[in-house]
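Engineer:
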Amino acid sequence: MTTTTRPAAATRTRPARARALGIGLLVLQVLLAALFAFAALPKLLGDPVAVRMFHEIGFGSWFRHFTGAVELLGAVGLLVPRSCGFAAAGLACVMIGATISNLALGAPGAAVTTIALFAVLVVLARARRNTFLPVR
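Last residue of the sequence shown? That's 150 in our numbering, and every number before it is there in order.
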């Protein structure tokens with residue numbers, strides 16, 4: 015029977031990488047939470063630009079309030095370890111709707127931003143998937 019041992023350097027590198035990845039994901043969560051909280055506030059507080067934008071897409075104030083609430087809850091969810099993966103997946107779905115709305119309004123630059131946010135949120139949801147899925 016042979017046993018394989020790993021060099022000491024390889025053993026130390028793996029936990030260091032995992033720690034760096036964990037810290038990077040945590041920083042990403044905090045930045046995204048701040049971004050979505052700041053994006054939700056104008057919708058919830060009735061900023062004229064947000065009111066006009068939701069009027070242009072054909073939804074009333076109820077949808078503006080709903081979107082702002084979902085974004086704010088998602089921002090809080092990103093900061094709670096057990097709900098981070100679920101919150102990231104939910105906000106990714108919000109970004110799909112935002113992309114469609116931006117394209118319908120003729121704002122391709124904003125659509126590129128929402129597509130990029132969608133991709134980042136999907137990566138975060140995948141990385142934190144064990145926070146809302148049972149581990150087998």
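For glycine and all other residues, C-beta sits at the position ideal for the given N, C-alpha and C.
Along the chain, where does the alpha helix (DSSP H) containing L135 start, and where does it finish?
Structural biologist: Residues P122 to A141.
Engineer: From L42 to G36, what does the alpha carbon distance come to, in whole angstroms?
Structural biologist: So the alpha carbons of these two residues sit roughly 10 Å apart.
Engineer: Does the region 127 to 136 come close enough to the region 99 to 116 to have 3 or more Cβ pairs within less than 8 Å?
Structural biologist: A contact exists between the region 127 to 136 and the region 99 to 116.
Engineer: Is it the case that the region 45 to 60 contacts the region 74 to 84, given that we only count it when at least three CB pairs across the two stretches are under 8 Å?
Structural biologist: Touching, yes, given that three or more Cβ pairs across the two stretches are closer than 8 Å.
Engineer: For R142, which of W76, H69 and R96 has the nearest alpha-carbon?
Structural biologist: Comparing Cα-Cα distances from R142 to each of W76, H69 and R96, the minimum goes to R96.
Engineer: Using CA atoms only, rank isn't needed, just tell me which of A124, G120 and I110 is closest to E70.
Structural biologist: If we check each option's Cα against that of E70, G120 comes out closest.
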